[in-house]
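Structure record follows, encoded as C-alpha cells.
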Amino acid sequence: MNNAMRPIWLGFVPVAFASLIVAGCQDSSAPSAQPTIDPSVYVQNHSTSPVSTPPALVVVTPTASPTPEDTIAKHEAQVANTNKTDLSDLPQTSASAKPTSKPKVKDEDAYQLENPTLMGLKLGTSKKLVLDRFGKAKKQFVMDEDDDAVQVYDFGDFSVGFNAKDALEFVDVHSTEIDPGLRGLHLGQKAEDAVAILGKPNSNTKYVLSYKSQGTLLKIDIDPSENTIQSIKLFADR
C-alpha cells in the first residue's frame, strides 16, 4: 500500500469500529418487537416426531360451596320424597293438649253398704249418664251368651255393661292404676286389706270375697298364691 495513504486508513478503522459499537448498543437498548419464545413451546413445535400433537387443554371449574338456602331446599326435597304418603295414622297432638287423667270417684259416691257402687256408679244408671261421665270407650262389643244381650264398653282400666234397656248391668275393674272408689282399696292389695276396709264379707274363700247389699253383689277375686286382689266386680245379686 502507498505509504501516503496509510495514515488515512489507520485513522478510518478506529472511527468505523466505534460506530459499530454505538450501533450495537442502540439495538440492544431498543425494546424488542418480537414475542418471547418459551423454550418448552419451541421444543414441542420442533419435535423430531413426524406428527406433533399439542397437549390437551384441561379447564377446571371451581365448585361453589353450598349456601344455607341450598341445604334447606335439599332437606325439604328429601322429606317430600319419603315413601310414607299417608300421615293420618300419626298422632296429632296439640301444643296445649294435656295427658288424659284417670277418672276419680267423689267421696260421696264411694262404696257403702246402703249405697253399693263401683267407680262411683250404681246399677241401673242410664248408658247416657255413664258415657257422659267417662267419654268414649276404647272398645265396644256385645255379650250374647244370654237371652238378654249385654253391650260392653271397655275404657281400658275398667269396663261396664248395659242391658237391652240401656241400664247399667255391671262394672268390672281390672287395673291397679285406677281408684275404684272403695274407700282406698285397690287391685294388688292383700285380701286382709279388703276386710279391714270394707268389713266382714258375706262369703270368704281363698279365691273370692263377696259383699251383698241392696240387691247387688260386690265380688273381689283373689290370687291364692299371692293372696292379692286380682279384679273387682259389681253386678246384680240374682
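Residue numbers (the numbering used here): 6 to 243.
Every residue gets a Cβ at the ideal spot worked out from N, C-alpha and C, and that includes glycine.
Remember, predicted model here, so these are calculated numbers, not experimental data.
I'd like to confirm the pairing. Which residues does DSSP put opposite residue i in its beta bridges?
i      : result
Phe163 : Val178
Ser208 : Ser215
Val155 : Met148
Ile183 : The partner list for Ile183 (beta bridge, DSSP) is empty, contrary to what the question assumes.
Gln117 : Asn120
Ala169 : DSSP lists no partner for Ala169.
Leu128 : For Leu128, which the question treats as bridged, DSSP gives no partner whatsoever.
I want to check one thing, is the minimum distance from the CB of residue i to the heavy atoms of the ligand SAH below 7 Å?
i      : result
Gln156 : You won't find the ligand SAH in this model; it holds no ligand whatsoever.
Ends of the alpha helix (DSSP H) at residue i?
i      : result
Val135 : 132 to 139
What separation, rounded to the nearest whole angstrom, lies between the Cα atoms of residue i and residue j?
i      : j      : result
Gln219 : Ile227 : 23 Å
Asn232 : Gly125 : 26 Å
Leu136 : Val155 : 16 Å
Ile202 : Lys133 : 31 Å
Val194 : Val157 : The sequence as given places Gln at residue 194; Val does not occur at that position. Cα to Cα, the separation comes out at about 27 Å.
Asp171 : Asp242 : 19 Å
Phe175 : Lys238 : 7 Å
Ser230 : Lys211 : 9 Å
Gly166 : Leu173 : 6 Å
Ala169 : Asp153 : 7 Å
Ser4   : Glu182 : The shown model of the chain, from 6 to 243, leaves out residue 4, and the question about it has no answer.
Lys127 : Ser106 : 22 Å
Val213 : Lys109 : 26 Å
Asp159 : Phe146 : 9 Å
Ala196 : Lys141 : 33 Å
Thr122 : Met148 : 22 Å
Gly204 : Lys144 : 34 Å
Asn120 : Ser215 : 16 Å
Arg116 : Gly129 : Before going further, note that residue 116 is Tyr rather than Arg in the sequence given. Computed Cα separation, rounded: 16 Å.
Arg138 : Pro206 : 30 Å
Ile234 : Ile225 : 7 Å
Phe240 : Asp162 : 17 Å
Arg188 : Leu223 : 14 Å
Glu113 : Ser180 : 22 Å
Any idea if residue i is buried or exposed, counting beta-carbon neighbours within 10 angstroms, 16 or more meaning buried?
i      : result
Lys111 : exposed
Ala199 : buried
Val178 : buried
Ser208 : exposed
Gly186 : buried
Leu192 : buried
Lys164 : The sequence shown places Ser at residue 164, not Lys. Classification of Ser164: buried, given that the 10 Å Cβ count is 16 or more.
Leu118 : exposed
Under the three-state reduction of DSSP, which class applies to residue i: helix, strand or coil?
i      : result
Ser196 : Checking the sequence, you will find Ala at residue 196 rather than Ser. In the structure shown, Ala196 sits in a helix (DSSP, three-state: H, G or I).
Ala201 : helix
Asp149 : coil
Asp228 : strand
Phe240 : strand
Met10  : Low local confidence applies: a pLDDT of 46 at Met10 is under 50, so the model's placement there is unreliable, with the coordinate-based value given in what follows. Three-state result, Met10: coil.
Starting from residue i and walking both ways along the beta strand (DSSP E), at which residues does that stretch end?
i      : result
Tyr216 : 213 to 218
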